[in-house]
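Everything on this sheet refers to the single structure shown next.
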């Protein structure tokens, strides 16, 4: 489980079952994304771009990028190489750099 803080959206909680949930300081849900890392995939790691209100959720099938306000998937960064079986590939860290422009 990952917990992150955003000044406007509130607390982001990403559960291993793939659900990303944001609640504000009053407990009201501001954003809910089911299957954030893909259908039937658990989330290994996640990070939030504060500047772009973008969520990066990593699982076995790559890193899924989401726009938090509209809860829209922006794209998928797939794991490299076809020789690696996607079902066994795990991403252990996905972080936005301090500039908020790059994801490593």
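Residue numbers (the numbering used here): 5 to 108. All C-beta atoms in this analysis are idealised placements derived from N, C-alpha and C, irrespective of residue type, glycine included.
| query | result |
| --- | --- |
| Under the rule that 16 or more other beta-carbon atoms within 10 Å means buried, what is residue 32, buried or exposed? | exposed |
| If you draw a straight line from the C-alpha of residue 73 to the C-alpha of residue 43, how long is it? | 21 Å |
| So, at 8 Å on beta carbons, what are the nonlocal neighbours of residue 11 in its own chain, with the 5 sequence-adjacent residues on each side left out? | 54 |
| Give me, in chain order, the residues of the same chain whose beta-carbon lies closer than 6 Å to that of residue 81; leave out the 5 immediate sequence neighbours on both sides. | 66 and 67 |
| Distance check for residue 18 and residue 99, CA to CA, integer angstroms please. | 14 Å |
| Quick one: what does DSSP say residue 99 is sitting in, helix, strand or coil? | coil |
| For residue 114, write down the residues that DSSP places opposite it in a beta bridge. | Summary: the structure shown does not reach residue 114, with the chain confined to residues 5 through 108, and so no result is reported for it. |
| Please report the residue range of the beta strand (DSSP E) in which residue 39 lies. | Unbroken run through residue 39: none, as it is neither H nor E. |
| Spell out the partners DSSP gives residue 66 in its beta bridges. | 63 |
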